[in-house]
Amino acid sequence: MKNSIYIILIGCIIAISACNDLDLAPLSEGSTENWYSNEVEINMSINDLYKPVFWGNDQVDWTDDWTYRETLTAITSATINGEWGTVEGLWSNAYKGISRANTIIHNLEISSINLPEEKMNQYIAEARFARAYQYSKLVSHFGDVVFYQDVLELEEAYSLGRTNKDIVMEAVYEDFDFAIAHLPVTYSNDEIKRGTKGAALAFKARAALYNEDWEIAREAALACINLGEYQLFPNYGDLFLPENRSASELIFSIPRSTALNYDLSVRGYLPRNNGGYAAYDPSWDLLASYLCTDGLPVDESAVFDPHEPFQNRDPRCGYTIVPFQTEFLGIMYQPHPDSTRVYNFNTGAYQANNDTKGNQLYASFNGLVWKKGIDQTWVDDFSAENSAIIIRYADVLLMYAEASIELNQIDQTVLDAMNQVRARAYGSAVDEASSYPEISSQSQEELRSILRMERRMEFAFEGLRYMDLIRWRVAEDALNQPDYGLLDLAELKTKVVDKGLWFFPSVPEIDENGIPDFSAMADQGLIKQLSNRQFDASKQYLWPIPTKEILINSNLTQNQGY
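See the structure below:
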């Protein structure tokens with residue numbers, strides 16, 4: 004999938020030592036009859052649970068953070084149905100992972116292999132960790148799902164109906180609890196990326212948060228915090244670069260490697276001056292959603308200038324989206340239509356600027372390009388090896404805060420959790436309140452709004468925005484808004500540039516969930532509608548069960564509206 008450097012592109016690289024005295028069956032012939040006879044085979048089976056297709060966050064292009072010229076997805080065009088390949092893929096891959104986990108658990112429980120009980124429980128815990136993750140992902144997208152924890156014959160599997168999601172979630176929490184009890188806090192080999200106690204706690208918190216089980220989410224997030232194993236990386240912008248794949252903030256992430264084909268084609272993200280297409284871009288909605296340095300949204304702040312939209316903004320804005328007139332990948336980035344030449348820091352000379360409409364019709368349609376996680380290695384061979392970050396410590400801190408806010412259990416620990424995340428963005432310590440806009444409100448309503456804006460700023464381009472929109476029930480507001488960009492060149496010059504209105508002609512209004520409204524500018528003909536996002540609130544808060552599953556299994560029912 005092409006849409007986010009942090010989603011669904013994971014590979015597990017596990018070093019397994021060979022034993023000369025083992026008579027191993029060929030991998031193509033492994034079965035429950037001749038497998039699980041030694042620890043090497045067990046490890047190989049568990050490694051299979053960490054395949055890329057089994058893990059990952061959602062796609063950025065399903066949200067209002069994303070612009071791909073005039074193109075929409077099945078979700079943002081409200082055309083999602085049970086035949087969409089993404090629906091089928093999520094469903095089938097999740098159940099492949101579940102079936103493999105069930106097989107491992109069953110065979111380990113009946114195995115006669117001579118292993119210490121602690122080690123055997125660790126292996127079972129890894130399988131239950133993976134199973135819990137798959138079921139929680141299914142529930143968050145489909146609601147009631149097919150549920151089984153046994154090794155089933157194919158005929159039996161295709162006769163099962165859907166189980167109430169509350170029953171499924173009880174089993175999910177039990178699996179996570181077993182994993183929490185038996186997984187190690189760390190592994191001796193830092194290169195091994197497998198389930199840990201902290202990962203199980205973090206994913207349990209996320210599963211509970213998505214299911215509005217606030218007390219469970221709060222407890223799990225707090226337990227993860229109290230492990231003392233994780234800390235925020237000091238520099239927000241550098242956290243996402245390939246060299247920091249072992250940062251202590253990353254609770255569960257898997258490295259990508261071009262050698263193992265776990266990389267990402269990146270030309271769609273890169274500026275045209277660097278050989279890219281500048282086609283997959285941050286939306287204006289995202290740019291407008293970042294708070295200002297006074298902690299206020301752009302429509303309330305006295306320090307926001309729509310003509311200099313990157314000035315006086317939360318630093319995460321400039322870490323995520325390339326600010327105008329700054330060096331990026333060795334070349335000045337400036338989409339202004341009059342800037343037909345830009346400085347190349349690599350050559351020490353000016354060159355034609357292919358990132359402005361003044362030269363290139365297909366320069367970024369809204370003038371924006373992504374910066375987060377992108378470095379020179381993307382340009383060198385047009386592929387990326389950044390770690391695929393699935394969950395990190397900042398998420399745990401904000402999940403603890405959110406669950407506490409929803410429970411109306413607001414105390415200094417809640418404010419500290421939120422302020423840690425915000426202070427890090429400013430390069431400050433949490434107790435240096437004068438150097439960042441400290442959060443001090445005790446109001447549940449105000450903190451809910453601040454928390455939602457904080458999550459959007461912190462996790463842009465990481466695949467978390469979609470489920471935030473879904474679980475907050477605000478997708479119908481965010482995704483029924485047009486996606487806007489720059490006027491065509493002639494109009495852009497006469498209506499905007501020549502009248503001193505570049506970049507934003509005026510200030511968009513921001514609602515309590517951080518969602519901007521550009522309609523006033525559009526009504527004046529000062530910006531261009533690129534596409535018209537659509538979201539059908541009568542059905543789209545759940546996905547459809549894959550059509551082929553309904554056709555095969557008469558006991559399966561479809562979600563309402565599909």
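Counting in the numbering used here, the sequence shown runs from 4 upward without gaps. Every residue, glycine too, gets a C-beta built ideally from N, C-alpha and C.
Selected residue, minimal CA-CA separation from residue i, among the options
i: methionine 421; options: Leu242, Leu157, Arg455, Glu215; result: Arg455
i: glutamate 435; options: Ser444, Val424, Phe313; result: Val424
i: glutamine 125; options: Ile49, Arg165, Gln137, Phe538; result: Ile49
i: serine 268; options: Asp284, Asp486, Phe385; result: Phe385
i: glutamate 448; options: Leu495, Ser139, Ala81, Leu410; result: Leu410
i: isoleucine 548; options: Ile555, Asn562, Glu330; result: Asn562
i: tyrosine 39; options: Asn84, Arg451, Leu118, Gln379; result: Leu118
i: glutamate 156; options: Asn347, Glu112, Ser102, Leu93; result: Ser102
i: alanine 223; options: Ile183, Asn192, Ser509; result: Ile183
i: glutamate 215; options: Ser438, Ile473, Lys99; result: Ile473
Simplified DSSP assignment, three categories, for residue i
i: tyrosine 161; result: coil
i: phenylalanine 331; result: strand
i: lysine 542; result: coil
i: proline 485; result: strand
i: phenylalanine 255; result: strand
i: asparagine 535; result: strand
i: isoleucine 324; result: strand
i: valine 306; result: coil
i: glutamate 32; result: Model confidence at glutamate 32 stands at a pLDDT of 37, short of 50, so the residue's coordinates are unreliable; what they give is reported in the following sentence. In this structure, glutamate 32 counts as helix in the three-state DSSP scheme.
i: aspartate 26; result: Confidence at aspartate 26 is low in this model, with a pLDDT of 32, below 50, so its placement is unreliable and no value can be given for it.
i: tyrosine 229; result: The residue you asked about is not tyrosine; residue 229 is asparagine in the sequence shown. Asparagine 229: helix per DSSP, three-state reduction.
i: arginine 131; result: helix
i: asparagine 347; result: strand
i: tryptophan 217; result: helix
i: isoleucine 13; result: A caution first: isoleucine 13 carries a pLDDT of 31, below 50, which makes its placement in the model unreliable, though a value can still be read off. If DSSP states are grouped into helix, strand and coil, isoleucine 13 belongs with coil.
i: aspartate 520; result: strand
i: valine 63; result: helix
i: alanine 387; result: strand
i: glutamate 512; result: strand
i: tyrosine 336; result: strand
8 Å Cβ shell around residue i - same chain, five flanking residues per side excluded
i: glutamine 467; result: Strictly speaking, residue 467 in this sequence is leucine, with glutamine absent from that position. Once the five neighbours on either side are set aside, the close Cβ partners of leucine 467 are Asn60, Asp61, Asp398, Arg458.
i: tryptophan 475; result: Arg455, Asn516
i: glycine 503; result: His310
Contacts around residue i, its chain only, beta-carbon distance under 7 Å, and the 5 residues preceding and following it disregarded
i: tyrosine 322; result: Tyr239, Gly240, Lys374, Lys375
i: serine 143; result: Tyr213, Met470
i: arginine 275; result: Ala281, Asn357, Asp358, Gln363, Ala366
i: asparagine 315; result: Cys295, Thr296, Val306, Phe307
i: valine 417; result: Ala404, Ser407, Ile408
i: tyrosine 396; result: Tyr233, Gln234, Leu235, Glu252, Ile254
i: leucine 371; result: Asp284, Pro285, Leu290, Ile324
Neighbourhood of residue i by C-beta distance below 6 Å, restricted to the same chain and skipping five residues each side
i: alanine 205; result: Cys227, Ile254, Ile394, Val399
i: cysteine 320; result: Tyr293
i: glycine 564; result: Ser541, Lys542
i: leucine 30; result: Note that leucine 30 scores 40 on pLDDT, short of 50, meaning its location in the model is unreliable and no value can be drawn from it.
i: histidine 109; result: Val154
i: leucine 225; result: Tyr403
Whether residue i touches residue j by CB criterion (8 Å)
i: serine 286; j: aspartate 419; result: no
i: serine 342; j: asparagine 357; result: no
i: leucine 52; j: glutamate 129; result: yes
i: lysine 531; j: leucine 490; result: yes
i: arginine 248; j: proline 258; result: yes
i: phenylalanine 507; j: proline 326; result: no
i: asparagine 105; j: valine 154; result: yes
i: valine 382; j: glycine 278; result: yes
i: lysine 207; j: leucine 230; result: no
i: threonine 166; j: aspartate 180; result: no
i: isoleucine 513; j: proline 318; result: no
i: proline 340; j: leucine 492; result: yes
i: aspartate 288; j: valine 510; result: no
i: asparagine 556; j: serine 162; result: yes
i: arginine 72; j: leucine 495; result: no
i: asparagine 389; j: leucine 273; result: no
Range of the contiguous alpha helix (DSSP H) that encloses residue i
i: glutamine 447; result: 447–462
i: valine 424; result: 415–428
i: tyrosine 239; result: 239–242
i: isoleucine 108; result: 88–113
i: isoleucine 393; result: Here isoleucine 393 belongs to no alpha helix (DSSP H); instead the beta strand (DSSP E) covers 391–395.
i: threonine 550; result: 550–555
i: isoleucine 183; result: 168–185
Where the beta strand (DSSP E) through residue i begins and ends
i: alanine 352; result: 352–355
i: isoleucine 377; result: Per DSSP, isoleucine 377 belongs to no beta strand (DSSP E) and is neither H nor E.
i: tyrosine 565; result: It is not in any beta strand (DSSP E) - tyrosine 565 carries neither H nor E in the DSSP assignment.
i: asparagine 284; result: The question names asparagine, but residue 284 is aspartate in the sequence shown. Its beta strand (DSSP E) spans residues 283–285.
i: tyrosine 71; result: 69–71
Below-8 Å beta-carbon distance, residue i vs any chain D residue
i: alanine 210; result: You won't find chain D in this structure, because it holds only one protein chain.
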